[in-house]
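Participant: First residue of the sequence shown: 121, per this note's numbering; consecutive thereafter.
C-beta: ideal position from N, C-alpha, C; glycine also.
One structure follows; several queries about it will come next.
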Amino acid sequence: MDVWKMRGKCGSKLLRAAKRVADVPFGGIHVILVGDFLQLPPVGGEPLYKAPRTRPNTAAIEVAGFHLWRTFSDVVILEESVRFWADPEWGWGCQFARQGVWLPEFVDNINSRGVNNPDAFFV
């Protein structure tokens, strides 16, 4: 299940209906959450892991989502990325960029990969 479905009104309700177990989160189906907390935040809302602000117009779904998030207890943190093993220089730059640090040599690396003459790729 995609994370966006958890943010909306349908995630847990759909799974409960699929399993026909209404009183258990996600209908009793085992759920694994995978993500990168440095990615962009949800559009038009707060992440599930962030406690909703106490204000009169706080939606019940926000509160329910936060409490649902808190029911996950087992956490596995991957500490090593093997995604860029073939190009460690690119991976090194990506590690900084995802934190908002754009090193000049990485920007140069990005710019060097640009296509100067796109017509050269067409026969």
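Using C-beta distances below 8 Å, list every residue in its chain close to Q215, excluding the 5 sequence neighbours before and after it, in chain order.
Facilitator: S201
Participant: When burial is assigned at 16 or more other CB atoms within 10 Å of the CB, is W124 buried or exposed?
Facilitator: Because W124 carries a pLDDT of 46, less than 50, the predicted location of this residue cannot be relied on, and the following value inherits that uncertainty. That one is exposed.
Participant: Is L153 helix, strand or coil when you go by DSSP?
Facilitator: coil
Participant: Indicate the three-state DSSP secondary structure (helix, strand or coil) for R233 in the structure shown.
Facilitator: coil
Participant: Only counting the same chain, and skipping five residues up and downstream in sequence, which positions put a Cβ closer than 7 Å to that of V221?
Facilitator: none
Participant: Here's a check: name, in chain order, each residue in its chain whose Cβ is nearer than 6 Å to the Cβ of E182, leaving out the five neighbours to either side.
Facilitator: P172
Participant: Taking Cβ to Cβ, would you say F186 is nearer than 8 Å to L158?
Facilitator: no
Participant: Would T191 pass as a contact of P161 if the rule is Cβ separation under 8 Å?
Facilitator: no
Participant: Given that a residue counts as buried once 16 or more other Cβ atoms are within 10 Å of its Cβ, and exposed if not, what is G113?
Facilitator: The requested residue 113 is not part of the displayed model; the chain covers only 121 to 243.
Participant: Cutting at 8 Å between CB atoms, please list the residues of its own chain near E166, excluding the five before and the five after it.
Facilitator: P172 and E182
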